[in-house]
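Using the UniProt record's numbering, the first residue of the sequence shown is number 1, and each one after it goes up by one.
Note that CB positions come from ideal geometry on N, CA and C, so glycine has one too.
As the structure is a prediction and not an experimental result, all values here were calculated from the model.
Heads up, the thing below is written out as structure tokens.
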Amino acid sequence: MQRIVVLTGAGISQESGLQTFRGADGLWNHERIEDICTPQGFRRDPMRVDRFYNGLRAQLPGVRPNAAHVALADLERAGREGRWNGQMTVITQNIDDLHERAGSRNVIHMHGELLRLRCTSCHATPQWRTDCYPDTPCPACGQPTLRPDIVWFGEMPYHMDSIARHLAECDLFVAIGTSGVVYPAAGFVDSVAGHADTMLFNLEVPPGPSAFDQVIVGPATRTVPAWTRDLLEA
Ligand code: BJW
1 MQRIVVLTGA GISQESGLQT FRGADGLWNH ERIEDICTPQ GFRRDPMRVD
51 RFYNGLRAQL PGVRPNAAHV ALADLERAGR EGRWNGQMTV ITQNIDDLHE
101 RAGSRNVIHM HGELLRLRCT SCHATPQWRT DCYPDTPCPA CGQPTLRPDI
151 VWFGEMPYHM DSIARHLAEC DLFVAIGTSG VVYPAAGFVD SVAGHADTML
201 FNLEVPPGPS AFDQVIVGPA TRTVPAWTRD LLEA
């Protein structure tokens, strides 16, 4: 049985209409990373950070999973139903819910989720679809101590034990739509060297020598369904 781990980044959701972080039209061209994406930035100006994530959260109802999300969900379902002799886990750096909406069940959100908040007093992580402000009370304990449930720079990504297990057990590691500059995700490809084949699906070839065995260049909505179709027909 083939065990595939897929690591996704902002590029897989770009064709659904969500901006990537870096690049010409990236989110970080309009905001300084240290103002938004660090615990220090949140302490300095929580209203600014809440507004930033309120804006991203408000985009979600208006976007839909694209053909790449759907292809991954279809492959996972084929494994469950015995139409493909394999098992797939998606580790996503993305904070949107497009994998789940496409039908994927084995999804690990290593950088958190837009549709959750985290209470720094009682540690509840309530689901959240509307705006949040610094004075919004936690539904569990009533304290105004909610923050986006997002992993910022300097914080430990979620589910690292489970991710390490999946990486150690996989025989194919596939990265889709990620620039490979943010760690620890950027190091996953090195960690599977020796026991797994590796593929990168990206809009452009990353600069410098590639750690991947194969690099497939093109929009994810074209390249990913072609790859999963080949697997299902093999
Ligand atoms: C398409 C496409 C299409 C477009 N089809 N492709 C010095 C050296 C090394 C490491 C560090 C260092 N100093 C600090 C660190 C650690 C730091 C880090 O990595 N910093 C680097 C920037 C240097 N990392 C951390 O702090 C992390 N925590 C940590 O390391 O804890 C300690 C630890 C130790 C040991 C083990 C484990 C942990 C936390 C990182 C948190 C990242 N959070 C963010 C923000 C969350 C959401 C938000 O605010 O909105 O996560 S940052 C941002 O970058 C976001 C993303 O998930 C992440 C990765 O970005 P991604 O997905 O790759 O997007 P882009 O835009 O960069 O790339 C998109 C790609 O898609 C491009 O290549 C396009 O070409 C392509 N593309 N359209 C296919 N249609």
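At least one heavy atom of ligand 1 sits closer than 7 Å to the Cβ of Pro219. Inter-residue distance for Gln143 and Pro46 is about 15 Å (C-alpha atoms, whole angstroms).
Residue environment for Met110: buried (at least 16 other C-beta atoms within 10 angstroms of its C-beta). If you compare the alpha carbons of Gln2, Arg22 and Cys132 with that of Glu204, the shortest gap goes to Arg22. In this structure, the beta-carbon distance from Asn202 to Val217 falls below 8 Å. For Met160, the uninterrupted alpha helix (DSSP H) run begins and ends at Met160 to Glu169, by DSSP. Taking 7 Å as the cut-off, the C-beta of Leu56 counts as close to a heavy atom of ligand 1. Taken through DSSP and simplified to helix, strand or coil, Gly23 comes out as coil. Measuring C-alpha to C-alpha distances from Glu15 to each of Arg229, Thr198 and Thr221 identifies Thr221 as the nearest. Take Gln59, set aside five residues on each side of it, and the residues of its chain with a beta-carbon closer than 8 Å to its own are Gly17 and Leu18, in chain order. Boundaries of the alpha helix (DSSP H) around Glu76: Ala67 to Arg80.
Of all alpha-carbon atoms in Leu27, Thr125 and Val70, the one lying nearest the alpha-carbon of Ala140 is that of Thr125. The Cβ neighbour count for Thr89, taken over all protein chains shown within 10 Å, is at least 16; the residue is labelled buried. If you check the C-beta of Ala168 against ligand 1, you find no heavy atom less than 7 Å away. Excluding five sequence positions before and after Arg64, the CB atoms of its chain that fall closer than 8 Å to its own CB belong to Ser16, Leu98 and Arg101, given in chain order.
Rounded to whole angstroms, Trp84 and Leu232 show a C-alpha spacing of 6 Å. Sequence-distant partners of Ala196 (beyond 5 residues in either direction) whose C-beta falls short of 7 Å from its own C-beta, in its chain, are Cys170, Asp171, Leu172 and Phe173.
In chain order, Gly41 place their CB closer than 6 Å to the CB of Asp35, counting only its own chain and leaving out the 5 sequence neighbours on each side. Taking the Cα positions, Ser179 is about 30 Å away from Leu146. For the pair Asp96 and Leu114, the CB atoms are nearer than the 8 Å cut-off.
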